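What follows is a set of notes on a single structure, which appears directly below.
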Amino acid sequence: MKLHEWITTDRQRNWPETLAVVFGAVVVLTVVLAVATSAASFGPYNYAWDGTSEFRDRVAEDPDTELEIVNETDQYEDEDADETVAFVIAPETDYGETDTERVRQFVEDGGTLVVLDDFGQHSNELLSAIGADARTDGQLLRDDVNHESTPMMPVATPVGDDALAPGVDEVTLNHASAVEPGNATVLVRTSEFAYLVEDEEANLSADGELEPRPVATTEDIGDGQVVVVSDPSVLINTMIDRSDNAAFVEGFYADKSVVLLDVSHGTSVPPLIALLTDFRTEPVAQIAVGLLGIGLIAGLSGRLSNVTALAREDRKSTDRRTDPDASDRQTPAAPERQDTK
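The sequence shown lines up with residues 2 to 342 when you count with our numbering.
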């Protein structure tokens, strides 16, 4: 019975069955969304305003770039460091000794590491452990003159004509902090009217200073490069299209063939995505699924052969079946041969 026949009776809507179908569809959709999406801030599978799904899609759609989601830092060891850039976005836990050493070795071997954070301390711990000078300040950045909607959305500009990729005239921030550059080279900084405060309610104190504040730096470590950006919000869905954030970020991977989105110590990946990612990196699982698929195909082929054979037998039986009226008819007898002399 077809679905539309099941939920209608004599051209009348069968409401209990209709509601059951709708409820079932809603449940299935809810489960799919739960296992394939995320609500975590800065999450690559978060499609809300504070997610980075738009950035992930841009990288994935770039024909010259391969995107990898990093759930475990041993994935750093699998890539050609010279052709790879890794993005670490507001980590929520400490990297620890083993993970830090993998990231450090990646940079030493020629990889580019882009760390985006504002108020968290785990990024600074990672930067210190791999030998970088730059740190995020951790205070809130304000600019009462050069900003977008509010002073907490400062508009920063590149330092020098060749500091960033072509097409980047400014970078729009959102509740950012500043970078303490140390010996790192400043790429982007605010106007001279910027200052730092402890929270949103605070204003410039009597001893506060108005001055340009670095918000992006770069420095060489070994054969690689470390970039620090004091605002992960430049990647979120509601900000990436603000001028000129998309071009600013794309400049970091324009000449790379692999982009790593490191979520190993940040937002969790949805279960379905994690399962698919693990499957891609586990040869044993791929072989097992392949063998299972072969077995299913073989089993279905056997069942199909049996069905086909039964159908042929049925046709033969039908052909041999006697006409029910044949017993009432008599076959005319052959005429007797008479010998002629």
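By construction, the Cβ of each residue, glycine as well, lies at the ideal position given by its N, Cα and C atoms.
Quick caveat: nothing in here was measured; it's all calculated off a predicted structure.
Practice task
Kindly indicate the opening and closing residues of the alpha helix (DSSP H) around residue 88.
Solution key: Where residue 88 is concerned, there is no enclosing alpha helix (DSSP H), although the beta strand (DSSP E) it sits in stretches over 85-90.
Exercise for the section: Determine the extent of the beta strand (DSSP E) in which residue 221 is found, giving its start and end residues. Expected result: 215-222
Handout entry: Cβ-Cβ distance between residue 86 and residue 249 below 8 Å
Key = no
Exercise for the section: Check whether the Cβ of residue 105 lies closer than 7 Å to any heavy atom of the ligand MN, and answer yes or no. Expected result: Although the ligand MN was asked about, the structure shown includes no ligands whatsoever.
Practice task
Ignore the nearest five residues each way along the sequence and tell me which others in residue 111's own chain have a CB closer than 6 Å to its CB.
Solution key: Once the five neighbours on either side are set aside, the close Cβ partners of residue 111 are 82, 83, 224, 225.
Handout entry: Three-state secondary structure (DSSP) of residue 69
Key = strand
Practice task
Pull up the distance between the alpha-carbon of residue 64 and that of residue 255, whole angstroms please.
Solution key: 11 Å
Exercise for the section: Within the same chain, show all residues whose beta-carbon is closer than 8 Å to that of residue 211, passing over the 5 residues directly before and after it, in chain order. Expected result: 193, 194, 195, 196, 205
Problem - Limits of the beta strand (DSSP E) - the one that residue 97 falls within - result: Note, residue 97: premise wrong, no beta strand (DSSP E); alpha helix (DSSP H) at 97-109.
Handout entry: Per DSSP, the bridge partner or partners of residue 226
Key = 113, 221
Problem - Rounded separation between residue 97 and residue 244 - CA only - result: A direct Cα-Cα distance of roughly 36 Å separates residue 97 from residue 244.
Handout entry: Proximity winner among 117, 58, 155, relative to residue 219 (alpha-carbon distances)
Key = 117
Exercise for the section: Kindly indicate which residue of 175, 233, 120, 79 has the alpha-carbon position closest to the one of residue 147. Expected result: 175
Problem - DSSP bridge partner residues for residue 137 (one or two, in chain order) - result: 180
Problem - Bounding residues of the alpha helix (DSSP H) (the contiguous stretch that carries residue 205) - result: No alpha helix (DSSP H) contains residue 205, which DSSP labels as neither H nor E.
Handout entry: Beta-carbon spacing of residue 131, residue 262 below 8 Å
Key = no
Practice task
Give a yes or no on whether 8 Å exceeds the smallest Cβ distance from residue 168 to chain B.
Solution key: Note that chain B does not occur in the displayed structure, where there is just one protein chain.
Handout entry: residue 150 burial status per 10 Å Cβ neighbour count (16 or more: buried)
Key = exposed
Practice task
Please work out which residues of its chain come closer than 6 Å, Cβ to Cβ, to residue 88, disregarding the five sequence neighbours upstream and downstream, and give them in chain order.
Solution key: 115, 262
Problem - First through last residue of the beta strand (DSSP E) which encompasses residue 263 - result: That run of the beta strand (DSSP E) goes 259-263.
Practice task
Please work out which residues of its chain come closer than 7 Å, Cβ to Cβ, to residue 186, disregarding the five sequence neighbours upstream and downstream, and give them in chain order.
Solution key: 218, 219, 220
Handout entry: residue 198, DSSP secondary structure in three states
Key = strand
Problem - residue 214 to residue 191 span [Cα, whole Å] - result: 5 Å
Exercise for the section: Spell out the partners DSSP gives residue 190 in its beta bridges. Expected result: 158, 215
Handout entry: For residue 246, the first and last residue of its enclosing alpha helix (DSSP H)
Key = 246-251
Practice task
Starting from the C-beta of residue 129, find all residues in its chain whose C-beta is less than 8 Å away, skip the five residues before and the five after it, and write them out in chain order.
Solution key: 136
Practice task
Look at residue 155 and residue 142 and say whether their C-beta atoms are less than 8 Å apart.
Solution key: In contact: residue 155 and residue 142 (Cβ atoms closer than 8 Å).
Handout entry: Nearest candidate by alpha-carbon position, reference residue 107, set 77, 90, 122, 92
Key = 77
Problem - Burial state of residue 209, where buried means 16 or more other Cβ atoms lie within 10 Å - result: exposed
Handout entry: Test item: CB-CB of residue 72 and residue 172 under 8 Å
Key = No; because the gap between Cβ atoms is not below 8 Å, this pair is not in contact.
Handout entry: residue 121 versus 99, 242, 157, 232, residue with shortest Cα-Cα distance
Key = When 99, 242, 157, 232 are compared, the shortest CA-CA separation from residue 121 is found for 232.
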